[in-house]
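Encoded as structure tokens, the structure appears first; notes follow it.
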């Protein structure tokens, strides 16, 4: 799997809004939330309130994600559940769901391996971005579009069958509506939840 540039972008942006390089790396070590961290550095100049609202809205999407993974992976000891929950990001979620569809037998081990790879990459790449942050302009090099492209690529690989195409279409419509009428902090979660509920009402074929 190609290594996306989003951790370098986060590291560069965090330094540019006033984080020290070591604090930038520490945040990736403890928080492990790419979209949440990027929202944090993007909204930090506007105060704590917008940061809390945005990160809360983004974090709520982990509820349906974790419930879906729990059903796919099945029963695990408590310590394994804690370990699997520690790194719950869009990339590892998408990879694990795709592995389940391929019939991979040990999804817990697969997700653990994916988590370790993604987590290690995030830390190392955040460090690179943090140390280069004083001289790198993400918008100038077009790095600010990397994250949406990564998410779109993960989603495209999972769209199979009319129900999922319907979900993708509904999500697109809901996203447009959310961008037009909802606060930024709730756009992603609201659109995803509304699309999921709508698709759940569609009959199976």
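Residue numbers (the working numbering): 287 to 491.
Even for Gly, the Cβ is constructed at its ideal location relative to N, Cα and C.
When DSSP states are grouped into helix, strand and coil, residue 378 belongs to the helix group.
Counting only the Cα atoms, residue 461 lies some 18 Å from residue 351.
Check the Cα spacing between residue 302 and each of 399, 328, 390, 407: the tightest is with 328. Put simply, the backbone Cα of residue 456 is about 22 Å away from that of residue 381. Pairing residue 341 with residue 466, the inter-Cα distance amounts to about 20 Å. A straight-line Cα-Cα distance of about 16 Å links residue 294 and residue 304.
A residue is called buried once 16 or more other Cβ atoms fall within 10 Å of its Cβ, and residue 297 is buried on that count. Per DSSP, residue 401 is one residue of the alpha helix (DSSP H) stretching across 393-418. Counted as a single uninterrupted DSSP element, the alpha helix (DSSP H) harbouring residue 321 occupies residues 320-329.
In the DSSP assignment, residue 389 falls outside any alpha helix (DSSP H), carrying neither H nor E. Annotated three-state conformation of residue 303 is coil, per DSSP. By the C-beta density criterion, residue 326 is buried, having at least 16 other C-beta atoms within 10 angstroms.
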